[in-house]
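There are 4 protein chains.
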Amino acid sequence: MVKDLPKIRRPLGLPDDAFEQRRPDKGQITKREVRAVSLYALGLRQDSVVWDIGAGTGSVSVEAALIANRGQVYSIERDTDSLPLLEANVARLGSENIHIVSGEAPGALEDLPSPDSVFVGGSGGNLSEIIEYAVSRLNPSGAIVVNLAVLERTQEAYRLLKSLGLATELTQITSSRGKEMPDGAVRLESLNPVFIVTGRRGN
Amino acid sequence: MVKDLPKIRRPLGLPDDAFEQRRPDKGQITKREVRAVSLYALGLRQDSVVWDIGAGTGSVSVEAALIANRGQVYSIERDTDSLPLLEANVARLGSENIHIVSGEAPGALEDLPSPDSVFVGGSGGNLSEIIEYAVSRLNPSGAIVVNLAVLERTQEAYRLLKSLGLATELTQITSSRGKEMPDGAVRLESLNPVFIVTGRRGN
Amino acid sequence: MVKDLPKIRRPLGLPDDAFEQRRPDKGQITKREVRAVSLYALGLRQDSVVWDIGAGTGSVSVEAALIANRGQVYSIERDTDSLPLLEANVARLGSENIHIVSGEAPGALEDLPSPDSVFVGGSGGNLSEIIEYAVSRLNPSGAIVVNLAVLERTQEAYRLLKSLGLATELTQITSSRGKEMPDGAVRLESLNPVFIVTGRRGN
Amino acid sequence: MVKDLPKIRRPLGLPDDAFEQRRPDKGQITKREVRAVSLYALGLRQDSVVWDIGAGTGSVSVEAALIANRGQVYSIERDTDSLPLLEANVARLGSENIHIVSGEAPGALEDLPSPDSVFVGGSGGNLSEIIEYAVSRLNPSGAIVVNLAVLERTQEAYRLLKSLGLATELTQITSSRGKEMPDGAVRLESLNPVFIVTGRRGN
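Protein chains in written order, with this note's numbering: chain L, 1 to 203; chain U, 1001 to 1203; chain R, 2001 to 2203; chain H, 3001 to 3203.
Structure (structure tokens):
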């Protein structure tokens, strides 16, 4: 007997401005192009357990929950000031398989089911501890995807994932968006480059 | 009564080397980062009808079919030499909701159900005709996503989609991948930039 | 008998903020990295005649005049509101071999000596006429370098220079600058991409 | 009494293929765009003393010697197999103010006059020692410019220059060159990104 699954009532691929953002941190949201590449790198299955660590506006959580629509997404956020916005976005754009966890990683992760996919979008200085703990809990064939803006932490995340035995990759994404000028001509405006470090566990 | 859906047996997010490629065109595959951004721009729903025009190795089709797992994906390819590879990749990595269509767009599109999402990865010189026809058939709230390498065609696709009344966006994606050197240090190797032009129809 | 040459009293390579900028167009200055690549593409000799068309703040003129220190640099600017700033920058940072020409290209170019190197940084809509006229006057082995933000004009400039018989190249420059955060970590901030189209005349 | 200076008989701005390259390291040459930005960052004066450490093909040396045409350029190269190529390029494209120094930095730098501008294009593992020594000898208002491909060394060079009291900047350059296809359309091919770290000494 098959349970009636929630249909995807909205399409995958929300624009950045769909997510209410807290000021003055506006602009801190994972940008659409980076969100797309990060979601794709997570190796999501329909029944995946996902941890979104440093969930922020929830933009990764609500999209991961569409793809992993028989799975469970845990949105961990330590900044209590951000929680109302995260809750509002999940209520408006998310689905019932998203669970908001208020607390600081890695401590706040201990009671969660072991993940198949871990996204680290914000680390508040605990990057190494979070990665080490997440990897210790990562299911076979699971993936951890870290977004980084800082050169040094990028290198650190890469080395750490590799030293923990994961197949590790690094990608830098630079995207530019067309901006139409008054005469209809299109010029390009760059977004800041983001490093995406991915570690995959073998079977 | 709900039909038992095919589960996603493999994760979303295949690496480029999962797709057998024809020689000597190896390297023509839509690269992982661009595939991710393009898939995300397609605005896929679970029940979407998708046209993948110029399907090539099938890399976009097989991933779109995972997300639109109650929908239908039509993989149109005019190069008969490419068909065996496309068929093999769909058989190995795809799902039953993918339908290979041998023929040249736009003619080959006429008998297909109207699309919610159209990906144009290869256009063989018919770019304008393909876009015009696809837009004429595009369902409300549908999206058409075009990948382009050439400056001039990028501008042409952008203008055409706009003139046809779609909300049009242009993004250039430049990605670089970390390459590990013998001493473990990581340097960056660039992929060629790709332009992604997206047009969305209102409700 | 050798005339006493002006020494380079300041180094080549001024930062962007050396040039007073008019508001609200601040940010329109040719950025340092693009200025460097453009100057290098001009193929300057010590005795070059240089036209800087759409001189703006004069950032290209004052640097070209350092390298072509036995040559002559003509800084053409049609916007009379910009002239005081251009004059001030040339007086402060430039050398005596820079000549400001108030007027609109291509008309304002007619009385100037034929150029070895032409930089087009701003074209006010006359791009094709300016390029055609500049090429008609370009000395053997001369070069014309055009900076463009707009896709369509880039293609237009490339095709035009090529049709006029010049060896034509196109480069897109995307640069990101390190920005130090409060904790000393460095992240990258992108500048908008610029297209540089160069045409070179044979001997 | 002014000495008759060597005129610039060739223009500044050689293409990459002007420099004979050793195989199989072809491609290791500092690419034109990065050479331009690096030269510009060196803050060259007509009378500058320049050290080009890891001179390789000599592409930076011969261009720096054109700008610093009353100065002296020292081209240091430890790889004796590369010396014949360096010597040939300097003989063919360079000027009399270039001095080739065979040996390994920093040891080989001890007998050279103190530099105004230092370019580090190759470091063979001695990066920190080379930077420390170069900074210890750097004249007031001098600049040191380091080209790096590796993330980790980029961070290391940035931190070291900063800790030594220099005003430090980091730029990542990604350039793409237009490549014409058989039908005349132009697509973009990326060069690998390069990090340029610059330290400047105050007066």
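The beta carbon of each residue, even a glycine, is placed where N, CA and C say it ideally should be.
C-beta neighbour in chain L for residue i, strict 9 angstroms
i	result
L3151/H	yes
R1035/U	yes
T3080/H	no
Q1028/U	no
S1141/U	yes
C-beta neighbour in chain U for residue i, strict 9 angstroms
i	result
T2171/R	no
R10/L	yes
G43/L	yes
V2002/R	Low per-residue confidence applies at V2002/R: pLDDT is 39, beneath 50, and the placement is therefore not dependable, though the value from the model is reported in the following sentence. So, not an interface residue.
S95/L	no
K3007/H	Residue placement at K3007/H cannot be trusted, given a pLDDT of 48 that sits under 50; what the coordinates show is reported in the next sentence. It does not; no Cβ of chain U falls within 9 angstroms.
S48/L	yes
L39/L	yes
Cutoff 9 angstroms: residue i Cβ touching any chain H Cβ
i	result
G954/U	Because chain U here runs from 1001 to 1203, residue 954/U falls outside it and cannot be looked at.
Q2224/R	Residue 2224/R lies beyond the residue range present for chain R, which begins at 2001 and ends at 2203; the question has no answer from this structure.
G1202/U	no
Beta-carbon spacing of residue i, residue j below 9 angstroms
i	j	result
I1144/U	T1198/U	yes
H2099/R	Y2133/R	no
Y2040/R	L3012/H	yes
V2118/R	L2148/R	no
K2179/R	L2191/R	no
V3146/H	R3201/H	no
P106/L	E77/L	no
Q1155/U	R177/L	no
E3020/H	N3089/H	yes
V150/L	A2068/R	no
G1121/U	V1049/U	no
V62/L	S95/L	yes
L86/L	A55/L	yes
N203/L	P115/L	no
S205/L	T1174/U	For residue 205/L there is no data in the structure shown, the boundaries of chain L being 1 and 203.
L3170/H	I3131/H	no
D3052/H	K3031/H	no
L3093/H	L3160/H	no
Q1046/U	P1113/U	no
E3104/H	N3126/H	yes
Chain R contact for residue i (CB, 9 angstroms cutoff)
i	result
R3032/H	yes
G3013/H	yes
S3175/H	yes
Interface flag, residue i vs chain B, CB-CB below 9 angstroms
i	result
T3168/H	Among the protein chains in the structure shown, which are L, U, R and H, there is no chain B.
Residue i - partner residues in DSSP beta bridges
i	result
G1199/U	I1144/U, T1168/U
T174/L	T1174/U
A2074/R	Residue 2074/R is actually Tyr in this sequence, not Ala. DSSP, once it has assigned bridges, lists W2051/R, H2099/R as partnering Y2074/R.
F1119/U	D1052/U, V1145/U
T2150/R	Sequence check: residue 2150/R is Val here, not Thr. For V2150/R, which the question treats as bridged, DSSP gives the partners R187/L.
V3194/H	I3173/H
K2179/R	R2187/R
Exercise. Can you give me, in chain order, the residues of the region 184-199 of chain L that have a beta carbon less than 8 angstroms from any beta carbon in chain R?
Key: A185, V186, R187, L188, E189, S190, L191, N192, P193
Quiz item: Going along the chain, which residues of the region 1056-1081 of chain U sit with their C-beta nearer than 7 angstroms to a C-beta in chain L?
Solution: Per Cβ criterion, the list reads I1067.
Self-check item: Sufficient close CB pairs (3 or more, under 8 angstroms) joining the region 32-39 of chain L to the region 1042-1061 of chain U
Solution: Touching, no, given that fewer than three Cβ pairs across the two stretches are closer than 8 angstroms.
Self-check item: Near-chain R residues of the region 3116-3132 of chain H (beta-carbon distance less than 9 angstroms), N- to C-terminal order
Solution: D3116, S3117
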